[in-house]
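The opening position of the sequence shown corresponds to residue 19 in this note's numbering, with each subsequent residue numbered one higher. Positions of the beta carbon are idealized from the N, C-alpha and C atoms, including for glycine. Computed from a predicted model, the values in this text were never measured in an experiment.
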Amino acid sequence: MPRLILACLLGLAALSAQATDWTTPAEAAHFRTTPSYADTLAYLQRLQGAAPDKLKLVHFGTTPEGRPMMAVIASTDGTFDPAAARAAHKPVVLLQAGIHPGEIEGKDAGLMLLRDIAVTGKWPHLLDHSVLVFIPVFSADGHENSSPYHRINQNGPERQGFRGQAQYLNLNRDYIKADAPEMRAWLKLWQRWLPDFLIDVHTTDGADYQYDLTWYLEDAHKLDPGVSAWQQALMTKAIPAYEKRGHLASIYLEFKDGRDPTKGIVNFGSGPRFSTGYAALQNRPALLIETHMLKPYAVRVRATYDLVHQLLAQIDGAPAPLLAANAAADARVIARAGQPGAQVPVTFKPSPESTPYQLKGYAFTLTHSDVSGSEWIHYDPHTPRTYRIPNWNDLLPDLLVTPPAAYVVPAQWAAVIDRLAAHGIAMQRIDHAVTVHAAGYQLDHPHWADAPFEGHLMLRDVDVAPVEREVTLPPGSMIVPMDQRAANVAIALLEPQAPDSLLRWGYLDAVFEPKEYGEPRVLEQLARDMLAKDPSLKADFQHRLASDAAFAASPRARLEYFFERSPWYASQAVGTYPVLRLDAAQWRALASHDGSSTATPTPDL
Numbered sequence: 019m020p021r022l023i024l025a026c027l028l029g030l031a032a033l034s035a036q037a038t039d040w041t042t043p044a045e046a047a048h049f050r051t052t053p054s055y056a057d058t059l060a061y062l063q064r065l066q067g068a069a070p071d072k073l074k075l076v077h078f079g080t081t082p083e084g085r086p087m088m089a090v091i092a093s094t095d096g097t098f099d100p101a102a103a104r105a106a107h108k109p110v111v112l113l114q115a116g117i118h119p120g121e122i123e124g125k126d127a128g129l130m131l132l133r134d135i136a137v138t139g140k141w142p143h144l145l146d147h148s149v150l151v152f153i154p155v156f157s158a159d160g161h162e163n164s165s166p167y168h169r170i171n172q173n174g175p176e177r178q179g180f181r182g183q184a185q186y187l188n189l190n191r192d193y194i195k196a197d198a199p200e201m202r203a204w205l206k207l208w209q210r211w212l213p214d215f216l217i218d219v220h221t222t223d224g225a226d227y228q229y230d231l232t233w234y235l236e237d238a239h240k241l242d243p244g245v246s247a248w249q250q251a252l253m254t255k256a257i258p259a260y261e262k263r264g265h266l267a268s269i270y271l272e273f274k275d276g277r278d279p280t281k282g283i284v285n286f287g288s289g290p291r292f293s294t295g296y297a298a299l300q301n302r303p304a305l306l307i308e309t310h311m312l313k314p315y316a317v318r319v320r321a322t323y324d325l326v327h328q329l330l331a332q333i334d335g336a337p338a339p340l341l342a343a344n345a346a347a348d349a350r351v352i353a354r355a356g357q358p359g360a361q362v363p364v365t366f367k368p369s370p371e372s373t374p375y376q377l378k379g380y381a382f383t384l385t386h387s388d389v390s391g392s393e394w395i396h397y398d399p400h401t402p403r404t405y406r407i408p409n410w411n412d413l414l415p416d417l418l419v420t421p422p423a424a425y426v427v428p429a430q431w432a433a434v435i436d437r438l439a440a441h442g443i444a445m446q447r448i449d450h451a452v453t454v455h456a457a458g459y460q461l462d463h464p465h466w467a468d469a470p471f472e473g474h475l476m477l478r479d480v481d482v483a484p485v486e487r488e489v490t491l492p493p494g495s496m497i498v499p500m501d502q503r504a505a506n507v508a509i510a511l512l513e514p515q516a517p518d519s520l521l522r523w524g525y526l527d528a529v530f531e532p533k534e535y536g537e538p539r540v541l542e543q544l545a546r547d548m549l550a551k552d553p554s555l556k557a558d559f560q561h562r563l564a565s566d567a568a569f570a571a572s573p574r575a576r577l578e579y580f581f582e583r584s585p586w587y588a589s590q591a592v593g594t595y596p597v598l599r600l601d602a603a604q605w606r607a608l609a610s611h612d613g614s615s616t617a618t619p620t621p622d623l
């Protein structure tokens, strides 16, 4: 009996020691490895068990391979509900890691930070006035598809996850088109919490330089002015405090010529397919963190930890300006719907003006390569150098559109309606067939990309002309009013010239496909009849024959020339863009036609 008691006591002591050992798996491995998804969740469950009043682990979706998508809600006083956070005027910060699972510093830094907030007491007041929503691994299937050969230019950990999820989709190109189940789940999480600030953690590719970490904010022209000013002020305070901890940081470094850093840096483009670009459409500030792939993994994790800590400290210390900036941005978007002549940029171009930038890099040499036939850059990481280089990061609005009072999507275009619903965009359903005369677009001369991108053959170029059109809308058609806070998301989806519109992603390719055709023997007679009746057509045809050798050599193209100018072709409405644009009077008339509002349900988290 004494031996049994002693064994029990020893067992309890061991359990107690284990319970108080909060070393994360990455720390225990001295950052040579990063934990599996199961081990990550197990550690989070331990944290939740130790601090249930501060942490709540929630399930918000399921991956294609059946893994649970998990997030951690963290708050000093147990504010685990978005309504409660809003009632308490607490900004919500969404921190996400592992959208590219080979770039996983954010996961391990997040585990350490949650531990120090909730269990060890190192930062007991970091979330007194804010709420943190932490996604440790966005792409869980990609995370588990690990290999030492996924990140050829990265310095640890020993194995890295795969850039694509199980369906080979890059989630950081999927925000606006929302193909992946993971993104659909994320969108519901976003709509439920409507975060006030998004932090997305990545690792760089590309050049070598001294910085542990680089960071990116969307250009001011892509954001509400108040939101842009707030995020610039945040980084002005956070980066010096971060560097006092022994780090170096830089703005995001997209080199104009990767073979010669001294030629300067440019804006990498972003857009609604990316995390920060999507947040901008939602009137929210967002920060992209890119740790430097060549720094040791331990350094990269610590850099992420220190910067995220500083960001949270700044927000928790002054929550009101962030909430005010976001509320004002939402209000301005809603009010814009009633402003005649208001314009919204849908494409951007580089500013022709550059500013000087001090790049803390390394000495390098360029040698000619007999293999590639190009220049091969060699960095000397033992010789730091500072270069004065041009910075072309600033963007300017390029194509601007005047938003309608509302769009209307005919019921048969269910894929378009489905994407709008996935983004939580408010719509009104038309219950009866109704004929409307409204503005629209005619699309001609489409050209597609030569290779698929993210599972789509994207529409590269198309001529877009405004037209007036009379259309009978069937029951179930959807009105998309612009007096809503997410109006910019709808514009990005529905304006055909927007670079990430549903048209560009190929969801409306069928409008370019004629379904009726003419047999050559019939078109031969049609051509002769048309030439006899229209001298100007005959002259144009002769000009095409003389100036376009490929056209002249193609019997089919020569006959199609006439068919495409005939009423038999026009009746097919090829190139008719089905989404219509309503003015205020048309919207009111249509909305009163037995319309009812529809909303997208969100899960309980």
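If you count every other CB in all the chains shown that lies within 10 Å of the CB of Gly174, and 16 or more means buried, which is it?
-> buried
Glu308 and Thr365 closer than 7 Å at C-beta | no
Of the residues Arg85, Leu477, Tyr315, Gln560, which one's Cα is nearest the Cα of Asp126?
-> Tyr315
Look at Ala424 and Met500 and say whether their C-beta atoms are less than 7 Å apart.
-> yes
Per DSSP, the bridge partner or partners of Leu312 = DSSP lists no partner for Leu312.
Would you say Gln17 and Ala483 are within 7 Å of each other, going by their C-beta atoms?
-> Residue 17 falls outside the range modelled here, since the chain spans only 19 to 623, and no answer is possible.
By DSSP, does Ser246 sit in helix, in strand, or in coil?
-> helix
Pairwise C-alpha distance: Ala433 and Thr618 | Only weak support exists for where Thr618 lies, its pLDDT of 47 falling under 50; the value from the coordinates is given anyway. Each residue's Cα considered, the two are about 15 Å apart.
CA nearest to the CA of Leu299, picked from His77, Leu511, Lys281 = Leu511
Is Arg606 buried or exposed, if buried means 16 or more other CB atoms sit within 10 Å of its CB?
-> exposed
Reduced DSSP category for Gln590 - H, G, I as helix; E, B as strand; rest coil | coil
Classification of His77 by the beta-carbon crowding that lies within 10 angstroms, buried from 16 upward | exposed
With DSSP as the reference, label His239 as helix, strand or coil.
-> helix
Should Tyr167 be labelled buried (16 or more other beta-carbon atoms within 10 Å of its own) or exposed?
-> exposed
Measuring CA to CA, which of Leu526, Ala346, Thr373 is closest to Gly244?
-> Ala346
Close-in-space but distant-in-sequence residues of the same chain around His147 (CB under 7 Å, 5 per side omitted) = Lys108, Asp334, Pro337
In the DSSP assignment, find the beta strand (DSSP E) that holds Ser268 and state where it starts and stops.
-> 267-269
Boundaries (first-last residue) of the beta strand (DSSP E) holding Arg181 | First-last for Arg181: undefined, no H or E at that position.
Apart from the five residues on each side of it in sequence, which residues of its chain come closer than 6 Å, Cβ to Cβ, to Asp398?
-> Tyr380, Ala381
Quick one: give me the first and last residue of the alpha helix (DSSP H) that Asn301 is part of.
-> That residue, Asn301, is in no alpha helix (DSSP H); it is neither H nor E in DSSP.
May I ask which residues mark the beginning and end of the alpha helix (DSSP H) holding Trp40?
-> Neither: Trp40 is in no alpha helix (DSSP H) and is coded neither H nor E.
When you compare only the Cα positions, how much space is there between Thr490 and Pro517?
-> 29 Å
With burial defined as no fewer than 16 other Cβ atoms inside 10 Å of the residue's Cβ, what is the status of Asn344: buried or exposed?
-> buried
Expected contact under 8 Å - CB spacing of Val351 and Arg503 to nearest Å | 6 Å
Return the Cβ separation of Val149 and Ala103 in integer angstroms, given the expectation that the two are a contact with Cβ distance under 8 Å.
-> 5 Å
Exposed or buried, which one is Pro621 when buried takes at least 16 other CB atoms within 10 Å?
-> The pLDDT assigned to Pro621 is 43, lower than 50, so where the model puts this residue is not dependable; a value taken from the coordinates is nonetheless given after this. With fewer than 16 other Cβ atoms within 10 Å, it is exposed.
For Ile448, which of helix, strand or coil comes out of DSSP?
-> coil
Using the C-alpha atoms, what's the distance from Tyr61 back to Cys26?
-> Because the pLDDT of Cys26 is 41, which lies under 50, any placement of that residue in the model is unreliable, and the question is left without a value.
If we call anything under 7 Å between Cβ atoms a contact, is Ala158 one with Leu73?
-> no
Hey, Pro492 and Leu417 are a contact pair by Cβ (cut 8 Å); roughly how many whole angstroms apart?
-> At roughly 32 Å, the Cβ-Cβ gap does not stay under 8 Å, so Pro492 and Leu417 are not in contact.
How many angstroms separate the CA atom of Asp324 from the CA atom of Lys533?
-> 60 Å
Are the beta-carbon atoms of Asn285 and Leu377 separated by less than 7 Å?
-> no
Would you kindly check if the distance between the Cβ of Pro428 and the Cβ of Phe530 is under 7 Å?
-> no
For Val553, the first and last residue of its enclosing alpha helix (DSSP H) | Residue identity differs from the one stated: residue 553 is Pro in this sequence, not Val. 553-565 is the extent of the alpha helix (DSSP H) around Pro553.
Could you tell me how far apart the beta carbons of Thr97 and Ala106 are, in whole angstroms, since I believe they sit closer than 8 Å?
-> 6 Å
Outcome for Val498 when other beta-carbon atoms lying within 10 angstroms are tallied against a minimum of 16 = buried
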